[in-house]
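A short worksheet on the structure shown next.
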């Protein structure tokens, strides 16, 4: 077993669960947090049944007390935190006139402020340790705007900037800060986006997703494991000379 400890937010299902499973397979102790405690417990139980070590926690990234409680529980249990994967996120999409300030604030509170709350929670310990990996969930939507997606794009552009700035702050302490930028991933989020886009196209479900897939050079939907593989690299010593980067994993949908 690796002695390192990782905390993955929003890891009760989908992308976060795939990342938790992969880091556990890499030998890390994984702390699985999610709004849905039962879902987090199920992922942790699966990891432990496969021989890994996991801790399930209720976690709400919109609540500073919750994130502080999570890091407190991790430190009480293991005495260290080596990897943070700030993965929790939501999406609300639609035409601009439907995206009111309340919706904007809701998305920012999870996708941007939620990332920042968790980043801040681990900073003091990682500074003391003089080591650590902070890994944030951005998106290809953080590198380019897209139709009917203004507030989600804004929230992810902010994560890209936050990641770069914090990388400067943490470099002298031996802590790297990077972000992964998924494209069209086979999760509940894209079930929702397919509905939005199909409805706007006036077509049946599946049309919005297919239109998006048609733009991917590699010609398929992204699997959660595709992203988890890259996060595994960011969490490893192989990425020690990489910081402040926000990298697309999207089958070539957006090339920089």
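Residue numbers (the numbering used here): 892 to 1147. Think of the CB as a built atom: it goes at the ideal place given N, C-alpha and C, for glycine as much as any other residue.
In the DSSP assignment, residue 1120 forms no beta bridge with any residue. Assignment of residue 910 by DSSP, reduced to helix, strand and coil, places it in the helix class.
DSSP places residue 984 in the coil class of the three-state scheme, outside both helix and strand. From the listed residues 964, 894, 1074, the smallest Cα separation to residue 1044 is found for 1074. Cα atoms of residue 1094 and residue 1028: separation of roughly 31 Å, rounded to the nearest angstrom. Going by C-alpha positions, residue 901 is about 14 Å away from residue 982. In this structure the stretch 904–913 lies against the stretch 1103–1121, because at least three pairs of beta carbons, one per stretch, are closer than 8 Å.
Around the Cβ of residue 1024, a 10 Å sphere holds 16 or more other Cβ atoms; the residue is buried.
Residue 1087 places its beta carbon 8 Å or farther from that of residue 1131. Where residue 1142 is concerned, there is no enclosing alpha helix (DSSP H), because DSSP gives it neither an H nor an E. From the listed residues 1053, 1067, 1052, the smallest Cα separation to residue 1017 is found for 1067.
Note that the C-beta distance between residue 941 and residue 903 is not below 8 Å. Fewer than three Cβ pairs drawn from the stretch 1006–1015 and the stretch 932–940 lie within less than 8 Å of each other, which leaves the two stretches out of contact.
The beta carbon of residue 1108 sits closer than 7 Å to those of 1142, 1143, all from its chain and outside the five residues before and after it, given in chain order. DSSP, read as helix, strand or coil, puts residue 1095 in coil. Here DSSP, grouped into helix, strand and coil, assigns residue 896 to strand. Secondary structure of residue 1069 (DSSP, three-state): strand. For residue 1052, the enclosing alpha helix (DSSP H) starts and ends at 1041–1061. Residue environment for residue 1019: exposed (fewer than 16 other C-beta atoms within 10 angstroms of its C-beta).
If you compare the alpha carbons of 1133, 969, 947, 1004 with that of residue 1055, the shortest gap goes to 1133. Using a Cβ distance threshold of 8 Å, residue 921 and residue 943 count as a contacting pair.
Listed in chain order, the non-local C-beta contacts of residue 916 below 8 Å within the same chain comprise 941, 943, local neighbours out to five positions each way being set aside.
In this structure, the straight-line span from the alpha carbon of residue 898 to that of residue 924 is close to 7 Å. Counting only runs of 4+ residues, the alpha helix (DSSP H) found wholly inside the stretch 922–995 occupies 928–940, 955–969, in chain order.
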